[in-house]
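**Q** If you want our numbering, it's the position in the sequence shown, counting the first as 1, plus 5.
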Amino acid sequence: MASALERWLKHLALEAQEYVRLCLATFRGMATRPFYFHDFIEQLDAVGVASLTVVVLTGFFTGAVLALQTGITLDQFGARPVVGRLVSASMIKELGPVLTGLMLTGRVGSGIAAELGSMVVTDQIFALRALGTDPVRKLVVPRVLAGILMAPVLTVISDAVGIVGGWIVARFQLQVASGLYWSSILDVLFMQDVWMGLIKPLVLGFVIVTVACHVGLRTSGGTQGVGRATTMAVVSGSVGVIAVDFFVTRVLISLMY
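(1) Where do the ends of the alpha helix (DSSP H) carrying Gln229 lie?
(2) Please decide whether Val141 counts as near chain C, where near means a Cβ-Cβ distance under 7 angstroms.
(3) From Gly76 to Gln22, what distance separates their C-alpha atoms?
(4) Determine the burial state of Val54: buried for a count of at least 16 other Cβ atoms within 10 Å of its Cβ, exposed for fewer.
(5) Could you spell out where the alpha helix (DSSP H) holding Ile190 opens and where it closes?
(6) Going by other Cβ atoms of all chains shown within 10 Å of its Cβ, with 16 needed for buried, is Pro39 buried or exposed?
(7) For the stretch 67-82 and the stretch 196-206, state whether three or more C-beta atom pairs, one from each stretch, are separated by less than 8 angstroms.
(8) Taking the alpha helix (DSSP H) that Pro157 belongs to, which residues open and close that run?
(9) Please list, in chain order, all residues of the same chain as Gly210 whose beta carbon is under 6 angstroms from its beta carbon, the five residues on each side excluded.
(10) Pick out whichever of Ser95, Glu47, Gly221 and Asp44 has its Cα sitting closest to the Cα of Ala69.
(11) Is the Cβ-Cβ distance between Val239 and Thr127 less than 7 angstroms?
(12) Would DSSP call Thr75 helix, strand or coil?
(13) Return the chain-ordered ranges of every alpha helix (DSSP H) run that is complete within the stretch 37-83 and spans a minimum of 4 residues.
(14) Use the C-beta contact count for Phe65: other C-beta atoms within 10 angstroms, 16 or more gives buried, fewer gives exposed.
(15) Roughly how many angstroms separate the alpha carbons of Phe252 and Val246, rounded to a whole number?
(16) Quick one: is Val244 buried, meaning 16 or more other Cβ sit within 10 Å of its Cβ, or exposed?
(17) If Val220 and Ser241 are in contact, beta carbons under 8 angstroms, what's the gap, nearest whole angstrom?
(18) For the alpha helix (DSSP H) that contains Pro86, what are its first and last residues?
(19) Kindly indicate which three-state DSSP category Asp128 falls into: helix, strand or coil?
(20) Nearest-angstrom Cα distance between Val149 and Tyr41?
(21) Tell me the rounded alpha-carbon separation between Leu73 and Gly171.
(22) Helix, strand or coil for Thr31 per DSSP?
(23) Quick check: the Cα distance between Leu194 and Val92, rounded to an integer number of angstroms?
(24) What does the alpha-carbon distance come out to for the pair Leu159 and Glu20?
(25) Can you give me the start and stop residues for the alpha helix (DSSP H) that Lys205 sits inside?
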């Protein structure tokens, strides 16, 4: 039992060390040449545009069910007209960034891990090194930059669609006047909330993509290893999104509120 625990702790420490090394190499690749601009544009499309549908659907139905549930609860206090405040605050500060991060983990993180893992098991990574190309600059940096840039954009879209979904439910299900719904949102929305809703996705986008790249580049064991790496990327990325969200929220609250 003790030896198994020791092996597990050593493996955990090794993975953490390799992840930190990958992050440092990624930052170095961002700051120095060469920069693969064409790959970066391709990743913007793969990470952002291709994820738009799932993010829009998730945001819309989250805002709709949030309005429906909170409207029933607020009726107990005669506060149904403030349903817009709850929907907007919840979507912008918490649900929008986290749910968008989880959707990106499931769609983008798994794809990155599978793609890089396949390149590892077929020795394409060694071929890149043999040709004088740094795999981190070529494969990791464009994906990380695309994740950092597109995660806030997708989060803003998810927030907007979620608030619209909440308005539809509030107007036609809860019978709250449209003017009252939108005015309650404007009354409670502060710049600190907006900044929190924009800073979180920056960090979450970095975590999602770097974790997926790390898992993909550490793949071993042939095609079965690729499957394990894909599963590990989704699980690790999802847990990372929720954990990092807590710590980032704690820091931002202490700094801005």
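Just so you know, even glycine gets a beta-carbon here, dropped at the ideal spot from N, CA and C. This one's a predicted model, so the numbers in the text were calculated from it and none came from an experiment.
**A** To lay it out plainly:
(1) Gly227 to Met261
(2) Within the model displayed, chain C is absent; a lone protein chain is all it includes.
(3) 48 angstroms
(4) exposed
(5) Ser183 to Val193
(6) exposed
(7) no
(8) Val146 to Phe177
(9) Gly152, Ile153 and Ala156
(10) Ser95
(11) no
(12) helix
(13) 42-52 and 57-80
(14) buried
(15) 10 angstroms
(16) exposed
(17) 6 angstroms
(18) Looking at the DSSP string, Pro86 is not in any alpha helix (DSSP H), and its letter there is neither H nor E.
(19) coil
(20) 12 angstroms
(21) 8 angstroms
(22) helix
(23) 11 angstroms
(24) 30 angstroms
(25) Met196 to Leu222
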